[in-house]
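Quick note on the working numbering: the sequence shown kicks off at 95 and runs consecutively.
Don't be surprised by glycine CBs; every beta carbon is placed ideally from N, CA and C.
Below is one structure; the comments refer to it alone.
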Amino acid sequence: MLQDYLDPINAVGMPDQMDSAIAMEFLTTVKTGVRNYAIAITETANPELRKKLKEQLKEGIQLHSELYQLMMEKEWFYPYDLSKQFEIDLRASELAVKIAELDLFPKDTDRLGNFATPYN
Numbered sequence: 095m096l097q098d099y100l101d102p103i104n105a106v107g108m109p110d111q112m113d114s115a116i117a118m119e120f121l122t123t124v125k126t127g128v129r130n131y132a133i134a135i136t137e138t139a140n141p142e143l144r145k146k147l148k149e150q151l152k153e154g155i156q157l158h159s160e161l162y163q164l165m166m167e168k169e170w171f172y173p174y175d176l177s178k179q180f181e182i183d184l185r186a187s188e189l190a191v192k193i194a195e196l197d198l199f200p201k202d203t204d205r206l207g208n209f210a211t212p213y214n
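Here's what the structure looks like:
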């Protein structure tokens, strides 16, 4: 597997993996936003601004909760089963290493269309 990054077989399962990676990145970003709103609330003296920040904080927490639930339903995230989560993280890191090792400039680039075409 992963001998040739243009080989369509390497795309098998990739959409689901990308969806889970994007969701995890989004979850992390939302979590950071929630943390930043909480900090901003403690540092503002303006009552109107504080009220707006509290509203944004509540919306951020709600978004985090919805995304968290979606990821658990899709089985992309196992916060209560560390062995399953470790397995997912290990596979993701192994795949990242394999992708990093791909030859992005292969010597043989003879192709017809998008598929590698062996000569007979």
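Backbone CA spacing between residue i and residue j [nearest angstrom]
i    : j    : result
K152 : D110 : 30 Å
T136 : L196 : 48 Å
K125 : M112 : 20 Å
A190 : T138 : 42 Å
Y174 : L147 : 31 Å
A186 : S177 : 14 Å
Q179 : M166 : 11 Å
K192 : L198 : 12 Å
W170 : A194 : 23 Å
R144 : R129 : 15 Å
T123 : I133 : 15 Å
H158 : Y172 : 15 Å
E188 : K168 : 21 Å
E181 : P141 : 47 Å
Cβ-Cβ distance between residue i and residue j below 9 Å
i    : j    : result
Y131 : Q156 : no
G127 : G154 : yes
Given residue i as reference, the closest of the options once Cα atoms are compared
i    : options                : result
D183 : V106, E167, M118       : M118
L161 : K148, M108, G107, A115 : A115
L121 : L164, K145, A186, A134 : L164
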